[in-house]
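Reviewing the structure listed below.
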Amino acid sequence: MQQLQQTLKAALGAAIKNVFDVEVASPQLALQPTRKEFAGQFTLVTFPFTKAIGKGPEQIGQGIGDWLVANEPLVSGYNVVKGFLNLEIADAAWLDVFEQLRQTPAGAPVETGGPQNVVVEYSSPNTNKPLHLGHLRNNFLGYSVAEILQATGATVTKANLVNDRGIHICKSMLAYQQYGNGETPQSAGIKGDHLAGKYYVLFEKHYREQVKQLEAEGVAAEVAKRQAPMMLEAQDMLRAWEAGDEEVVALWKQMNGWVYEGFDATYQNIGVDFDKYYYESGTYLLGKERVEEGLQKGVFFKKDDGSVWVDLKEEGLDEKLLLRADGTSVYITQDLGTAELKFQDFHYDLSVYVIADEQNYHMQVLKAVLKKLGKPYADAIYHLSYGMVDLPSGKMKSREGTVVDADELVREVVEAAKEATLKKGKTEGLNEEELAQLYHTLGLGALKYYLLKVDPKKRMLFNPEESVQLEGDTGPFIQYSHARIAAILRKAGEMSIPTNANTSSITTLPASAREMVQELGRYQSVVQEAARTFSPAVVGQFAYDIARAYNRFYTEVKIFTEPNETYRAFYVALSAEAGKAIKASMGLLGIQVPERM
RNA sequence: GGUUGUGUAGCUCAAUUGGAUAGAGCAUCUGACUACGAAUCAGAAGGUUUAAGGUUCGACUCCUUACACGACCA
């Protein structure tokens, strides 16, 4: 369809030149889809040309329209409403578009001229607690953006930066040491990540009690928080860890090992994966080297207490701490190291960080610091900043126990999908295993679509009831449309209707079929826009539009009772293309589509 | 206090980047399954796009100010 638009633009330029003797640059000839209430498929706004041409907008529209109908076979008619020239495209041209679609293989890359070598970092969990709803948005976004960029022909590496060290990790280790009694995931029957989370909560509980007691003894709140025995012990543990204390390191390895097993199970369950893992324990030392490098280059400075800072006032930011007075690293220290390591490993021309918008400032600093260091890869960094997920009850607060656990949530959506399918599904012939797979596909489809259909940069509301809905603008609705198409194709197969029918004898199309083709034709520009804006929501909207257009077509056109064989075969082929588009676009979201449901 | 993001129908979200009478879904109401899958389709109702100015042929979109909510920096 992009070809069709190119041809149209060229024709519009020629029309204006011939009729009004004015040259107009092609970018000014922006075509937009014609609104539903008017005849036609593409619209040119003529207001912008009134000055150059010196005539009214209607007159210009008339002039161009007349010329096009006489000289451009693509255009079969036109109408002018005020400054809007609506062009009707000949059905033959739409059939050409359809033929092009049909000849394009499902996974064919969509050229953008964009980056070719990309790293997408996402998920990036802490190893002291299991994944929650917020992580799900992150994981689905990261996976989907990686798929979208890959669809543009780029080589994409999915990276996971695990936050496996630091005071918060020591907290759960300490609580385990004190209260664990040698418990293991096996002995407790708890997933490793949840087990670690249990002890993190336990730390907080006991720590809080200690603080309260100190306060009762008359210690000021701020002091109590710093001097509670468990906090001091956790800090001791961190120092011991940095010093390589054998016992501490052994415990650290053991507990992180449990957590990784737990994470792996979750990742597999939600259908995301990674090509490369980074661990902050493995990059913070490299980060310290970068700080040293900055000092030598004179772009960082040392304060009297020995702490290292960078002055970013010229960049509109602040002074920023890079290394503490005691020489221990802060977040940004290890991020400098990780960035360096990533570039060494992949020599990317684009490095995407999928991180919540609460870290906007942090990411600006990271980029600015890397620039100060003169790192060539600084400009290739893109922070895909997404909004946090709220609940109907408000913000998720771990302190108040309102955090929605990822594993639990997935269980619930799958269960809801199962109930719905038992009630209204058509699953004859599927065995137990296939049924379980189907419930999983549908439950996750609902959840992923729900989280991905919203513009990433916007904060969003997670309503548990809406997330398992299956009617309207939902994942299961789109999946249903695919299953419906699959049923059509099965029946066509039984009736030996070919899907590669010759359409050249078709001259006119029913409106719903024409609209279907027009929607399908958007695929390339949709992928391009999604890649440009890092927005799976664009793809989600497309999948939904396709499903709707197909269902409309389906009710308006009776495929198997169509008397004309050529049309019947065309309708089957059109169905196949719609199914292909749904599968492809949902695939970009990381959502599978069933053959029956 | 400083920086920054968001504000659209009762609710959740769109709006092709400055274009026509601001569109979908949910919820509400009405209609459609005896030849294809009703998890569907067709229709009704629902809006001062937070407010006030400004820019222009034309503003949800850009500029200014205020308000509300959030995030970050101290």
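Residue numbers (the working numbering): 1 to 597.
Quick reminder that beta carbons are idealized off the backbone N, C-alpha and C, glycines included.
Name the two residues that bound the continuous beta strand (DSSP E) containing residue i.
i    : result
P33  : 31-33
E319 : 319-323
I355 : 350-356
Y386 : 381-386
E88  : 84-89
Y267 : First-last for Y267: 246-270, but that is the alpha helix (DSSP H), not the beta strand (DSSP E).
T155 : 155-162
G76  : Looking at the sequence provided, one finds Ser at residue 76 rather than Gly. Residues 75-81.
L470 : No beta strand (DSSP E) holds L470; DSSP gives it neither H nor E.
T43  : 42-45
V310 : 308-311
Whole angstroms is fine: what's the gap from residue i's alpha carbon to residue j's?
i    : j    : result
S329 : Y284 : 7 Å
N117 : Y377 : 12 Å
S585 : A487 : 20 Å
K602 : L574 : Residue 602 lies beyond the range of the chain shown here (1 to 597); nothing can be said about it.
Y412 : A406 : The displayed chain sequence assigns Glu, not Tyr, to residue 412. Near 10 Å, if we compare the C-alpha coordinates of A406 and E412.
G197 : V272 : 22 Å
K240 : V248 : Strictly speaking, residue 240 in this sequence is Ala, with Lys absent from that position. So the alpha carbons of these two residues sit roughly 7 Å apart.
L509 : A52  : 38 Å
E358 : P456 : 13 Å
K372 : V365 : 10 Å
S525 : E147 : 16 Å
K158 : A39  : 46 Å
T402 : E209 : 21 Å
V223 : P125 : 30 Å
K212 : K129 : 24 Å
I60  : F477 : 44 Å
L322 : K313 : 15 Å
L295 : G327 : 14 Å
V259 : W252 : 11 Å
For residue i, I'd like the list of residues in its chain whose CB is within less than 7 Å of its CB, leaving aside the five on either flank, ordered along the chain.
i    : result
D305 : A325
P115 : A154, D349, L350
S481 : A547, Y550, N551, I582
R137 : Y386, V389, L451
W67  : A15, N18, V19
L202 : A175, Y179
Y277 : N160, V162
V97  : M1, L4, V517, G521
Below 6 Å CB to CB, which residues in the same chain sit around residue i once its five sequence neighbours on both sides are set aside?
i    : result
L238 : I167, C170
Q177 : none
H383 : Y353, M363
E319 : W309, D311
Which stretch, first to last residue, makes up the alpha helix (DSSP H) that contains residue i?
i    : result
Y450 : 432-452
F301 : Unbroken run through F301 is the beta strand (DSSP E), 300-302; no alpha helix (DSSP H).
D557 : Position check: residue 557 holds Val in this sequence, whereas Asp was assumed. Looking at the DSSP string, V557 is not in any alpha helix (DSSP H), and its letter there is neither H nor E.
S144 : 133-151
S512 : 511-520
F477 : 475-494
N128 : From DSSP, N128 is part of no alpha helix (DSSP H); its letter is neither H nor E.
V414 : 406-424
V593 : No alpha helix (DSSP H) contains V593, which DSSP labels as neither H nor E.
E292 : 284-297
Below 8 Å CB to CB, which residues in the same chain sit around residue i once its five sequence neighbours on both sides are set aside?
i    : result
G337 : T283, Y284, L285, L286, G287, K288, E289, R290
E515 : A549, R552, F553
Run through DSSP, which three-state label would residue i get?
i    : result
H217 : His is not the amino acid found at residue 217; the sequence shown has Glu there. DSSP places E217 in coil when its eight states are reduced to three.
T566 : helix
K276 : strand
M460 : strand
T328 : coil
Y377 : coil
D193 : helix
V110 : coil
L391 : strand
E529 : helix
V120 : strand
V24  : coil
Return yes when at least one heavy atom of the ligand SAH lies under 7 Å from the C-beta of residue i, else no.
i    : result
R459 : As presented, the structure is devoid of all ligands, the ligand SAH included, so that no description of it is given.
Problem set entry | Segment contact, 8 Å Cβ cut-off, at least three pairs: the stretch 547-559 with the stretch 445-462 | no
Exercise. Does the stretch 530-548 come close enough to the stretch 22-38 to have 3 or more Cβ pairs within less than 8 Å?
Worked result: no
For this session: Please confirm if the stretch 78-89 is in contact with the stretch 36-45, defined as three or more CB-CB distances below 8 Å between the two stretches.
Result: yes
Exercise. Between the stretch 559-573 and the stretch 178-187, do three or more beta carbon pairs fall short of 8 Å?
Worked result: no
Exercise. Can at least three beta-carbon pairs, one atom from the stretch 465-485 and one from the stretch 414-434, be found at a separation below 8 Å?
Worked result: yes
For this session: Answer yes if the stretch 85-105 comes into contact with the stretch 59-66, meaning at least three C-beta pairs across the two stretches below 8 Å, and no otherwise.
Result: yes
Problem set entry | the stretch 526-534 in contact with the stretch 106-114 per 3-pair CB rule at 8 Å | yes
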